[in-house]
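Accompanying notes for the structure given below.
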Amino acid sequence: MKRFKLPASEVRAFSNSFFGGDVIDRPLVEFIRSLKGRFHTGLISNAWNGMRDFLTRERIIDAFDTVIISAEVRVMKPDAKIFELALTQAGVRANESLFVDDLAVNIEACEKAGMKGILFRDPQEVLKELNQLLKTN
Numbered sequence: 007m008k009r010f011k012l013p014a015s016e017v018r019a020f021s022n023s024f025f026g027g028d029v030i031d032r033p034l035v036e037f038i039r040s041l042k043g044r045f046h047t048g049l050i051s052n053a054w055n056g057m058r059d060f061l062t063r064e065r066i067i068d069a070f071d072t073v074i075i076s077a078e079v080r081v082m083k084p085d086a087k088i089f090e091l092a093l094t095q096a097g098v099r100a101n102e103s104l105f106v107d108d109l110a111v112n113i114e115a116c117e118k119a120g121m122k123g124i125l126f127r128d129p130q131e132v133l134k135e136l137n138q139l140l141k142t143n
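So in this note's numbering, spot 23 of the sequence shown is number 29, and the numbers just go up one at a time.
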């Protein structure tokens, strides 16, 4: 926000307002954390440069083995390049991968890349589907 010459207090107010509707799904984060050691976990986010700090501050980043943030890599979902980058960094093949997202266009893109996609609509349904696919119960 330096580019807009706004005082820090206004930047914080804007950020709080803009992201005020976003809620961290702690049970989902804990589920992802529980997969570490058995599965390689990753995050692909179309986010701003401060996302990594946010994930660290909220104690979320440690749930993931690989974190790809679009602002850092200069490519966004649904571009196939971001999925290729994530697969390369994770050291896995597309057909070994699951991708969860709340946008159908991103699910379609991951599936074109050879990944299994799950459209996120309801946290409990996603957890149920992941448990079935991963046989974690």
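Every residue gets a Cβ at the ideal spot worked out from N, C-alpha and C, and that includes glycine.
Quick caveat, the model's predicted, so the values are computed rather than measured.
{"Query": "Nearest neighbour of E117, chosen from D31, V79, A86, Q130 [CA to CA]", "Result": "A86"}
{"Query": "Closest residue to A69 among R127, S76, D31 (Cα-Cα distance)", "Result": "D31"}
{"Query": "Residues near N52 by beta carbon distance below 6 Å, same chain, minus five either side", "Result": "S76, M82, K83"}
{"Query": "Euclidean distance between Cα positions of V132 and A100", "Result": "20 Å"}
{"Query": "Buried versus exposed call for S103 [16 or more other C-beta atoms within 10 Å across all chains shown]", "Result": "buried"}
{"Query": "Contacting residues, own chain, Cβ-Cβ under 6 Å from M121 (five flanking each side not counted)", "Result": "A100, S103, F105"}
{"Query": "Delimiting residues of the beta strand (DSSP E) encompassing D107", "Result": "104-107"}
{"Query": "Alpha helix (DSSP H) runs wholly inside the region 82-106, at least 4 long, in chain order", "Result": "86-96"}
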